[in-house]
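Asker: Have a look at this one.
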Amino acid sequence: MSINPQIMHSAGAIEQHYYAGDYIFREDSSPQYYYQIIEGNVKLCNFSNDGKEFIQNIFSGGSCFGESMLLLGKPYPVDAIALTDSTLLKINKEGFIHLMGTSPEIAIDVCTALSEKTYNKFVLMRKIANKNAIERLTEVMDMMKEPWGNKDKYSFEVPHTRQQLASLTGLCVETAIRAIKKMEAKKVVKIRNRKIYY
DNA sequence: TCATTAATTCGCC
DNA sequence: GGCGAATTAATGA
């Protein structure tokens, strides 16, 4: 669910390239753009004072982000960081509002994308609360696997490091690793070359 | 290829 | 469960 890149271009959107680790925007800064990913992966996250991070969300090609804060006019509550080298399409507030005004389809697409993210957030929050490490990781992997066509066991290679999985679930790395090993023993996942298959 | 850095794992408390 | 150290993989010169 995202806006046709050509339409965005004609409305004044610009492409911007980011290298892995680059900040796209920072917490507390003021929202300027609607972003759509052409290529690459982006995470939205927070860092606590002691340096630990909590990943709110990870987006890949075709996804968009920043729309909720753009219209709200409040400072960003998260950092956005490129996980891989990424190309993004961004459009400023005026252009974005204009686009929404010219086409009901686009407005609906944007709303749908936003709803989807909100929905996933709710699901994830509910699953992550009050559960042990194994269950949290299972839920996160379920959500990541869902858009993947192949539902077979072990068909899905988890595209994140253990660090990232831990940051997504609010666990520490060691706990995540221990849980993943138990999951392997229970035949929930398979590990090959440190890659996790679910 | 070697050196540096990041990720993972393990032992210990 | 968390800390520090050891091991392994990835990255860059």
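Residue numbering for the first sequence follows our numbering, starting at 296 and increasing by one per position.
From the three backbone atoms N, C-alpha and C, an ideal C-beta is built for every residue, glycine too.
Quick caveat: nothing in here was measured; it's all calculated off a predicted structure.
May I ask which residues mark the beginning and end of the beta strand (DSSP E) holding Thr382?
Answerer: Position 87 of the first sequence, counted from the start, is the residue given in the question as residue 382. Note, Thr382: beta strand (DSSP E), 381–387.
Asker: Any idea if Tyr247 is buried or exposed, counting beta-carbon neighbours within 10 angstroms, 16 or more meaning buried?
Answerer: Residue 247 is absent from the structure shown; the chain starts at 296 and stops at 493.
Asker: With distances taken between CB atoms, is the gap from Leu409 to Glu362 smaller than 9 angstroms?
Answerer: Locating residue 409 in the first sequence gives position 114, counting from the first residue. Locating residue 362 in the first sequence gives position 67, counting from the first residue. The answer is yes: Cβ separation under 9 angstroms.
Asker: Measure the CB-CB distance between Gln459 and Ile353 and report whether it falls below 9 angstroms.
Answerer: Numbered from its first residue, the first sequence carries residue 459 at position 164. Numbered from its first residue, the first sequence carries residue 353 at position 58. Against a cut-off of 9 angstroms, the Cβ pair of Ile353 and Gln459 comes out as a contact.
Asker: Do Asn427 and Ala375 have their C-beta atoms within less than 9 angstroms of each other?
Answerer: On the first sequence, position 132 is the one that residue 427 refers to. On the first sequence, position 80 is the one that residue 375 refers to. Not a contact, by the Cβ cut-off of 9 angstroms.
Asker: What are the partner residues of Leu339, as DSSP defines its beta bridges?
Answerer: Counting from 1 along the first sequence, the entry for residue 339 is found at position 44. Asn352, Ala375.
Asker: Can you tell which of Ala461, Pro399, Glu411, Asn341 has its C-alpha closest to the C-alpha of Glu434?
Answerer: Here residue 434 refers to the residue found at position 139 of the first sequence. Ranking the options by Cα distance to Glu434, first place goes to Ala461.
Asker: Among the candidates Gly390, Lys416, Met478, whose CA atom is the shortest distance from the CA of Ala308?
Answerer: Position 13 of the first sequence holds residue 308. Closest by alpha carbon: Gly390.
Asker: Cutting at 6 angstroms between CB atoms, please list the residues of its own chain near Ile491, excluding the five before and the five after it.
Answerer: Here residue 491 is taken as the residue at index 196 of the first sequence, counted from 1. Cβ neighbours of Ile491 beyond the five flanking positions: Val453, Val484.
Asker: Only counting the same chain, and skipping five residues up and downstream in sequence, which positions put a Cβ closer than 7 angstroms to that of Thr382?
Answerer: Residue numbering aside, residue 382 sits at position 87 when the first sequence is read from its first letter. Counting only Cβ-Cβ distances below 7 angstroms, and skipping sequence neighbours, we find Glu310, His312, Ile333, Glu334, Gly335.
Asker: Looking at the unbroken alpha helix (DSSP H) that takes in Arg489, where does it start and where does it end?
Answerer: Numbered from 1 along the first sequence, position 194 holds the residue referred to as residue 489. Where Arg489 is concerned, there is no enclosing alpha helix (DSSP H), given that its DSSP letter is neither H nor E.
Asker: Sorted by chain position, which residues of the same chain lie with C-beta nearer than 7 angstroms to Glu400's C-beta, five sequence neighbours on each side aside?
Answerer: Along the first sequence, one-based indexing puts residue 400 at 105. Closer than 7 angstroms at the Cβ level, and outside the excluded window around Glu400, lies no residue.
Asker: Is it the case that the Cβ atoms of Gln327 and Lys388 are separated by a distance below 9 angstroms?
Answerer: Within the first sequence, residue 327 is the residue found at index 32, counting from 1. Within the first sequence, residue 388 is the residue found at index 93, counting from 1. Yes.
Asker: Which residue marks the beginning of the beta strand (DSSP E) containing Gln331, and which one marks its end?
Answerer: As a working note, residue 331 is residue 36 in the first sequence. 328–334 is the extent of the beta strand (DSSP E) around Gln331.
Asker: Could you tell me whether the Cβ atoms of Ile386 and Ala306 are closer together than 9 angstroms?
Answerer: In the first sequence, the residue the question calls residue 386 occupies position 91. In the first sequence, the residue the question calls residue 306 occupies position 11. Yes. Within cutoff.
Asker: Would Met438 pass as a contact of Asn415 if the rule is Cβ separation under 9 angstroms?
Answerer: The residue given as residue 438 occupies position 143 in the first sequence. The residue given as residue 415 occupies position 120 in the first sequence. Yes, they are a contact pair.
Asker: Nearest-angstrom Cα distance between Leu339 and Asp317?
Answerer: Looking up residue 339 in the first sequence gives position 44. Looking up residue 317 in the first sequence gives position 22. Those two C-alpha atoms are separated by around 12 angstroms.
Asker: Which value, in whole angstroms, describes the spacing of the CA atoms of Ile302 and His393?
Answerer: The count along the first sequence starts at 1 and reaches residue 302 at position 7. The count along the first sequence starts at 1 and reaches residue 393 at position 98. The straight-line gap from Cα to Cα measures roughly 12 angstroms.
Asker: With 16 other CB atoms within 10 Å as the buried threshold, where does Arg421 fall?
Answerer: Here residue 421 refers to the residue found at position 126 when the first sequence is read from its first residue. The residue in question, Arg421, is exposed, as its Cβ has fewer than 16 Cβ neighbours within 10 Å.
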